[in-house]
Amino acid sequence: MNGEKGQVLPLVLAALAIGSVVITPFLTHASTSLIGSRTYGQAIAEQYTADAGVEHAIWRLTNGGLANELSSPGDSTTYQLSETINNIAPSITVTRINSSSPIYAFRGGTTKAFWGYDIQGNIWTAMANAPANVGSGGALTYDGSYIYAFGGSSTRTFWRYDIQANTWTTMTDAPANVGSGGALTYDGNYVYAFRGGTTKTFWRYDIQADTWTTRADAPANVGSGGALTYSGSYIYAFRGGNTKAFWRYDIQANTWTTRANAPANLGDGGALTYDGSYIYAFRGGTTRAFWRYDIQGDTWTTMTNAPANVGGGGAFTNEIGANYELISTAGDNTVRAEVRIAGGAVFVLSWEVE
Numbered sequence: 003m004n005g006e007k008g009q010v011l012p013l014v015l016a017a018l019a020i021g022s023v024v025i026t027p028f029l030t031h032a033s034t035s036l037i038g039s040r041t042y043g044q045a046i047a048e049q050y051t052a053d054a055g056v057e058h059a060i061w062r063l064t065n066g067g068l069a070n071e072l073s074s075p076g077d078s079t080t081y082q083l084s085e086t087i088n089n090i091a092p093s094i095t096v097t098r099i100n101s102s103s104p105i106y107a108f109r110g111g112t113t114k115a116f117w118g119y120d121i122q123g124n125i126w127t128a129m130a131n132a133p134a135n136v137g138s139g140g141a142l143t144y145d146g147s148y149i150y151a152f153g154g155s156s157t158r159t160f161w162r163y164d165i166q167a168n169t170w171t172t173m174t175d176a177p178a179n180v181g182s183g184g185a186l187t188y189d190g191n192y193v194y195a196f197r198g199g200t201t202k203t204f205w206r207y208d209i210q211a212d213t214w215t216t217r218a219d220a221p222a223n224v225g226s227g228g229a230l231t232y233s234g235s236y237i238y239a240f241r242g243g244n245t246k247a248f249w250r251y252d253i254q255a256n257t258w259t260t261r262a263n264a265p266a267n268l269g270d271g272g273a274l275t276y277d278g279s280y281i282y283a284f285r286g287g288t289t290r291a292f293w294r295y296d297i298q299g300d301t302w303t304t305m306t307n308a309p310a311n312v313g314g315g316g317a318f319t320n321e322i323g324a325n326y327e328l329i330s331t332a333g334d335n336t337v338r339a340e341v342r343i344a345g346g347a348v349f350v351l352s353w354e355v356e
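So this is what it looks like as structure tokens:
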């Protein structure tokens, strides 16, 4: 027994020695894992915050008026959220990185002519003809996938144009005949419309439900050259009817206000569209006049004339709006995204974590 007891101490010491070899790395690993977990958790929180910063920038572009501030390619702004997310206030940079894509237009004047206009190249191109002649009240708007159109000419005709296929499809008729001054625009959710025909009627069309409803009447009867376009939280409108009247409709308040008059009286074929920076306009009235409106300055500029005189039914819309680079940094994490915004619709082109 005494001999066996004598052997216990070396065995215990050996066990302790082996234990120290095992336990020390284990404790080191455990400590490193805990630190790693905290670091990983922080990284996730920072990435989430950076993502939220990009989402906030998109909101400002579509609802907060930021798109109007960044009116030209290269325009940029940097800001920091006033409130924190995960105890971090992300730094956000938004840069306008291109000008707009093509504008599409009806010539009108009881023709089927349908054109595309390259803003950068200042060039017009003939596209597939409309299904029927387009007359007074012809109108166009783009919803992010298709272009919707009134045929006008005191008809209820309502068409859809597929940009990729360059083809037309007949849709559900308007609630009543559309006359001179008929117009369309899209706000990202609904299509809005003037009936025209020397009426104040203003409709809203739900694309998903395929239904029409009535909104607040225009300030005065809308006649030849009446037109609509959307920017931010507002819809801009020509009254037409051989007047220079130019209005703004507040979608949320359902109210109308007056803006700077057009450079000349509007006639049949007057039209408006917004490209993400400026509003472009046909004067109509069998003229080639083509104008640009600066929303911030509330001013008008004369541009290159259209290829031919624009008469009753002249109308246009832009396919897509402007592209923006969004960079949001939170801690050591940065999210870089590129989005395209058109008529209230948002298209995410890329979204990367750096």
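Counting the sequence shown from 1 gives a position; our numbering is that position plus 2.
In this text, a Cβ means the ideal position worked out from N, Cα and C, and glycines have one as well.
Every value quoted in this text rests on a predicted model; they were computed, and no experiment measured them.
Selection from Asn70, Val180, Asn311, Thr213 that minimises the alpha carbon distance to glycine 228: It is Val180 whose Cα lies nearest to the Cα of glycine 228.
Where the beta strand (DSSP E) containing glutamate 327 begins and where it ends: Counting along the chain, the beta strand (DSSP E) containing glutamate 327 begins and ends at 324 to 332.
Rounded straight-line distance, which links the Cα of tryptophan 170 to that of lysine 202: Straight-line spacing of the CA atoms in lysine 202 and tryptophan 170 works out to 29 angstroms.
CB of threonine 97 within 8 angstroms of CB of glutamate 356, strictly: Against a cut-off of 8 angstroms, the Cβ pair of glutamate 356 and threonine 97 comes out as no contact.
Where glutamate 48 falls: helix, strand or coil (DSSP): It is helical.
Leucine 268 to threonine 245 span [Cα, whole Å]: The C-alpha of leucine 268 lies about 6 angstroms from the C-alpha of threonine 245.
The segment 180 to 197 / the segment 121 to 131 touching (three or more Cβ pairs under 8 angstroms): Segments in contact, no.
Helix, strand or coil at leucine 68 [DSSP, three-state]: For leucine 68, the three-state secondary structure derived from DSSP is helix.
DSSP state of alanine 357 mapped onto helix, strand, coil: Any property of residue 357 remains undetermined from this structure, which presents the chain solely from 3 to 356.
Assigned exposure category for isoleucine 46 - 16 Cβ within 10 Å defines buried: By the neighbour-count rule (16 or more Cβ atoms within 10 Å), isoleucine 46 is not buried but exposed.
Beta strand (DSSP E) segment containing alanine 294, residue limits: Sequence check: residue 294 is arginine here, not alanine. DSSP places arginine 294 in the uninterrupted beta strand (DSSP E) bounded by 292 to 296.
Through-space distance from serine 226 to glycine 242, alpha-carbon basis: Separation of glycine 242 and serine 226 (C-alpha to C-alpha, rounded to the nearest whole angstrom) is 5 angstroms.
Contacts around glutamate 85, its chain only, beta-carbon distance under 8 angstroms, and the 5 residues preceding and following it disregarded: Result list for glutamate 85: Ala91, in chain order.
Sub-8 angstroms separation of aspartate 208 and tyrosine 192 beta-carbons: Yes. Within cutoff.
Reference tryptophan 61, options Thr259, Ser235, Trp205, Gly137, closest by Cα: When only C-alpha atoms are compared, the closest one is Ser235.
Which of helix, strand or coil DSSP assigns to tyrosine 236: The three-state secondary structure of tyrosine 236, taken from DSSP, is strand.
Own chain residues within Cβ distance below 6 angstroms of tyrosine 282, not counting five before or after: Counting only Cβ-Cβ distances below 6 angstroms, and skipping sequence neighbours, we find Thr275, Arg294.
Cβ-based burial, aspartate 270 [other Cβ within 10 Å; buried from 16]: Result: buried.
The beta strand (DSSP E) enclosing alanine 151, as first and last residue numbers: Here the beta strand (DSSP E) through alanine 151 covers 148 to 152.
Span separating the alpha-carbon of isoleucine 121 from that of phenylalanine 284: Cα to Cα, the separation comes out at about 14 angstroms.
Coarse secondary structure for leucine 274, derived from DSSP in three states: Strand at leucine 274.
Residue closest to glycine 154, alpha-carbon to alpha-carbon, out of Gln44, Ile165, Ile237, Ala141: It is Ala141 whose Cα lies nearest to the Cα of glycine 154.
CB of valine 56 within 8 angstroms of CB of serine 352, strictly: Against a cut-off of 8 angstroms, the Cβ pair of serine 352 and valine 56 comes out as no contact.
Cross-strand partners of glycine 243 (DSSP beta bridge): None; glycine 243 has no bridge partner.
Pick from Gly299, Gly286, Glu354 that is closest to glutamate 71, judged by C-alpha positions: Looking only at Gly299, Gly286, Glu354, the smallest Cα-Cα distance to glutamate 71 is reached by Gly299.
Cα-Cα separation between alanine 308 and arginine 109, rounded to whole angstroms: Distance from the CA of alanine 308 to the CA of arginine 109, rounded to the nearest whole angstrom, comes to 9 angstroms.
Outcome for serine 138 when other beta-carbon atoms lying within 10 angstroms are tallied against a minimum of 16: Buried.
Outcome for glutamate 354 when other beta-carbon atoms lying within 10 angstroms are tallied against a minimum of 16: So glutamate 354 ends up on the exposed side.
Cβ neighbour criterion (16 or more within 10 Å) applied to serine 74: Per the 10 Å Cβ criterion, exposed.
Asparagine 256 beta carbon less than 8 angstroms from that of arginine 197: No, they are not a contact pair.
Beta-carbon gap between tyrosine 119 and alanine 107 smaller than 8 angstroms: Yes, they are a contact pair.
Integer Cβ distance of arginine 162 from tyrosine 144, believed to fall under 8 angstroms: That pair is no contact at about 11 angstroms.
Arginine 62 (DSSP reduced to helix, strand or coil): Residue state for arginine 62 is assigned as helix, using DSSP reduced to three classes.
Identity of the residue in Ala222, Ala176, Asn335 nearest glycine 43 by Cα: Answer by Cα proximity: Asn335.
Which listed residue (Leu230, Gly333, Ala324) has its alpha carbon closest to that of threonine 64: Ranked by how close their Cα comes to the Cα of threonine 64, the residues Leu230, Gly333, Ala324 have Ala324 in first place.
Per-residue DSSP class, three states only, for alanine 128: Alanine 128: strand per DSSP, three-state reduction.
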